[in-house]
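Number of protein chains: 2
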Amino acid sequence: MRILKVGIVQQSCGNDIQANNQKLEKNIRECASRGAQLVVLQELHNSVYFCQTEDAALCNLAEPIPGPSTERFGALAKELGIVLVLSLFERRTPGIYHNTAVVIEKDGSIAGKYRKMHIPDDPCFYEKFYFTPGDLGFKPIKTSVGMLGVLVCWDQWYPEAARLMSLAGAEILIYPTAIGGVGTDSKDEQKVQRQAWQLVQRGHSVANGLPVITVNRVGHEDDPSGATIGLDFWGTSFATGHQGEILAELPCDSEANTVVEIDIDRTEYVRRGWPFLRDRRIDAYHGLLERYLDED
Amino acid sequence: MRILKVGIVQQSCGNDIQANNQKLEKNIRECASRGAQLVVLQELHNSVYFCQTEDAALCNLAEPIPGPSTERFGALAKELGIVLVLSLFERRTPGIYHNTAVVIEKDGSIAGKYRKMHIPDDPCFYEKFYFTPGDLGFKPIKTSVGMLGVLVCWDQWYPEAARLMSLAGAEILIYPTAIGGVGTDSKDEQKVQRQAWQLVQRGHSVANGLPVITVNRVGHEDDPSGATIGLDFWGTSFATGHQGEILAELPCDSEANTVVEIDIDRTEYVRRGWPFLRDRRIDAYHGLLERYLDED
């Protein structure tokens with residue numbers, strides 16, 4: 001058994017970035033004081049989810065990596081002796097911005113980064129305007145607590161991404177997330193959606209014999225354009241074991257943090273019982289590299 | 001709306017093949033009388049699940065396609081005017097046997113077949129001994145009730161298979177199945193396994209915006225070798241909608257059949273809301289064709 005204690009910080013965010021950061025720090029400290037060795041934050045945790053509208057001036061929120069956030073959170077990770085998963089708006093060069101997860105090692109250094117590969121674009125989620133698609137591929141990040149398969153939000157709907165992380169040696173799948181309901185969808189429909197969101201990720205856990213940690217933001221955020229009534233983020237951050245079973249789930253309507261224990265070594269036991277990776281038909285998967293397989 | 005009424009026949013099987021077939025016929029007729037346009041049978045429905053032991057003589061159970069079963073069930077499908085999904089032990093030539101699903105059109109003809117691509121081999125499930133891996137790829141079968149993405153049992157753990165069917169135009173995913181508990185696993189562990197089995201398939205539904213029909217056998221079957229206490233099949237056949245939501249679920253411990261209504265056209269609505277297929281990173285999926293992505 002190799003138990004990993006994972007802290008999950010589910011927050012609401014406001015326009016005051018300073019205040020968001022102070023709240024993050026308080027919650028990270030709380031997780032660490034409860035023994036967390038790894039703490040995962042939600043997607044774009046420093047600010048509101050600014051993609052509800054397309055406004056070039058909002059690119060001012062972006063920052064270089066390394067930069068102010070990796071410095072501030074690096075110092076905190078070092079002080080607490082924890083590994084920390086950040087989710088930042090990266091300014092790479094004028095005109096190239098990414099939605100980037102950064103893993104901070106417990107000595108405060110940058111262990112690695114992942115640039116969001118699958119970029120959504122839907123009403124209230126205009127990410128294709130802001131984020132250049134990632135170019136680092138699906139590579140887990142090696143840390144002192146294990147190989148972290150860090151992906152970001154929209155990636156969570158893609159079995160391909162989970163599988164590639166798993167084939168590259170990930171020991172745990174991690175999804176910083178910002179998903180919520182658009183006012184125009186009925187409450188019933190949103191419930192089906194929220195359940196589907198969890199189901200597909202629990203499916204990745206089963207298919208790969210890996211635990212999943214998903215950290216989502218919570219609370220209402222206005223649409224600055226006034227075009228819609230804004231977004232209600234779903235919270236419901238969760239952790240699974242190696243067969244999709246829920247180990248922890250946070251509320252859908254309030255801030256919370258928790259620390260969950262995961263036996264990283266269980267993967268081998270589970271994969272011996274269900275050796276899916278042994279039987280993949282790699283000779284017959286070429287179609288996965290196609291957009292669509294038209295008849296003829 | 002294009003409603004498809006799908007009949008699900010969940011049975012136990014004994015050593016008397018004639019009796020198994022009579023029961024199948026009775027249940028198929030019952031589904032048809034309740035309006036089913038498509039009826040799906042469980043994996044290797046004509047016989048017991050003979051793969052609990054490795055015995056070359058059991059290859060005598062195999063039959064050609066077309067052959068006795070496609071003839072008998074073809075006549076029944078034609079009489080009832082239904083499309084029928086069979087799961088047969090195919091004898092292709094001496095030394096090549098397949099685990100093959102056959103779709104019968106409502107005029108009694110063979111619409112197409114699918115040869116199980118992923119072949120398991122675990123204690124009590126010695127399929128690699130009997131079944132040559134399929135060589136027809138992941139191609140949906142065109143029928144009068146739609147494009148059927150027919151896969152078989154172990155395939156259901158592979159997101160790759162579901163995705164390929166979906167990219168090739170499947171309108172519904174169908175899994176004839178024979179899965180159950182091995183006596184050596186505790187009841188608690190079997191419950192986690194059964195849930196995982198359902199989760200991964202509900203995940204395919206979500207990831208592809210497709211309904212899933214899974215038909216499993218039920219009941220106890222002895223291990224003819226006497227090496228184990230045999231298998232208890234889980235039943236729990238189920239149908240999902242397009243976002244993994246359960247539309248119907250049969251009992252885990254008894255025979256049953258049901259007819260479920262599925263709105264085939266809902267796929268387009270769901271995929272417009274969640275356009276996962278639009279954003280696949282086909283430029284970055286090459287690793288899916290590898291066995292494992294070793295560091296180096």
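Residue numbers (the numbering used here), protein chains in the order written: chain A, 1 to 296; chain B, 1 to 296.
Note that beta-carbon positions come from the ideal geometry of N, C-alpha and C, so glycine has one too.
Being a predicted model, the structure only gives us computed values, none of them experimental.
Give a yes or no on whether the C-beta atoms belonging to residue i and residue j are separated by under 8 angstroms.
i      : j      : result
B/L24  : B/Q11  : yes
A/N257 : A/E30  : yes
A/F138 : A/M117 : yes
B/L151 : B/L167 : no
B/S254 : B/I8   : no
B/V83  : A/G203 : no
A/Q52  : A/D223 : yes
A/V192 : A/C124 : no
A/V212 : A/A239 : yes
A/M147 : A/E171 : yes
A/T267 : A/L210 : yes
B/R163 : A/P159 : yes
A/L289 : B/Y285 : yes
A/G81  : A/K106 : yes
CB-CB under 8 angstroms to residue i, same chain, minus the five flanking residues each way: which ones, in chain order?
i      : result
B/I110 : I65, P66, T70, G74, V102, V103, I104
A/T228 : Q52, P123, C124, V182, G183, T184
B/E63  : S69, L88, F89, E90, R91
A/A161 : M117, H118, F138, L151, D155
Spatial neighbours of residue i within its chain, please: CB distance less than 7 angstroms, with the 5 preceding and 5 following residues excluded, ordered by chain position.
i      : result
A/L293 : G287
A/R271 : G209, L277
A/G108 : G74, A75, A77, K78
A/D219 : The question names Asp, but residue 219 of chain A is Gly in the sequence shown. For A/G219, where only same-chain residues beyond five positions count, the Cβ hits under 7 angstroms are S12, F233.
A/Q190 : G181
B/H242 : S205, G209, L210, P211, R266, T267, V270
A/F50  : L58, L61
According to DSSP, residue i sits in a beta bridge with which residue or residues?
i      : result
B/P176 : B/V215
A/I65  : Its beta-bridge partners do not exist; DSSP assigns none.
A/M147 : A/K142
B/N257 : B/V9
B/F89  : B/N99
B/F238 : B/T214, B/E249
B/R115 : B/T100
Using the C-alpha atoms, what's the distance from residue j back to residue i?
i      : j      : result
B/L250 : B/R217 : 11 angstroms
A/A196 : B/L247 : 14 angstroms
A/P140 : A/S47  : 26 angstroms
A/D232 : A/N15  : 16 angstroms
B/D188 : A/A32  : 32 angstroms
A/L4   : B/L61  : 50 angstroms
A/R366 : A/C252 : Because chain A is modelled from 1 through 296, residue 366 of chain A falls outside the range shown and cannot be assessed.
B/D135 : B/R115 : 7 angstroms
A/P120 : B/G35  : 41 angstroms
B/E261 : B/V6   : 6 angstroms
B/I282 : B/R72  : 44 angstroms
B/G180 : B/G273 : 36 angstroms
A/L58  : A/H98  : 13 angstroms
A/P176 : A/V40  : 7 angstroms
B/D55  : B/G95  : 13 angstroms
B/R280 : B/A19  : 48 angstroms
A/E245 : B/Q198 : 11 angstroms
B/T100 : A/C153 : 38 angstroms
A/G230 : A/E221 : 6 angstroms
B/R291 : B/W157 : 16 angstroms
B/P275 : B/V259 : 30 angstroms
Please return the same chain residues whose Cβ sits closer than 6 angstroms to the Cβ of residue i, not counting the five positions on each side in sequence.
i      : result
B/I264 : R2, L4, G146, E171
A/E79  : none
B/E295 : none
A/G149 : P140, M165, A170, L173
A/I17  : N46, S47
A/Y269 : none
A/S225 : T53
A/F129 : E54
B/N27  : V9, N257
Can you name the residues of chain C whose CB is closer than 7 angstroms to the CB of residue i?
i     : result
A/H98 : Absent from the structure is chain C; the protein chains it does hold are A and B.
Practice task
Could you run through the segment 164–192 of chain A and flag, in chain order, every residue whose CB is less than 8 angstroms away from some CB of chain B?
Solution key: L164, L167, A168, G169, V192
Practice task
Quick one: which residues of the segment 263–286 of chain B get their C-beta closer than 8 angstroms to a C-beta of chain A? List them in chain order.
Solution key: G273, W274, P275, F276, L277, D279, R280, R281, I282, A284, Y285, H286
Practice task
Identify each residue in the segment 208–241 of chain B for which the Cβ-Cβ distance to at least one residue of chain A is less than 7 angstroms, and report them in chain order.
Solution key: If the cut-off is 7 angstroms between Cβ atoms, the segment 208–241 of chain B has nothing near chain A.
Practice task
Identify each residue in the segment 139–156 of chain A for which the Cβ-Cβ distance to at least one residue of chain B is less than 8 angstroms, and report them in chain order.
Solution key: W154
Exercise for the section: Note down, in chain order, all residues in the segment 104–122 of chain A with a beta-carbon under 9 angstroms from any beta-carbon belonging to chain B. Expected result: M117, H118, I119, P120, D121, D122
Exercise for the section: Give the residues from the segment 4–23 of chain A that approach chain B closer than 7 angstroms (Cβ to any Cβ), ordered along the chain. Expected result: none
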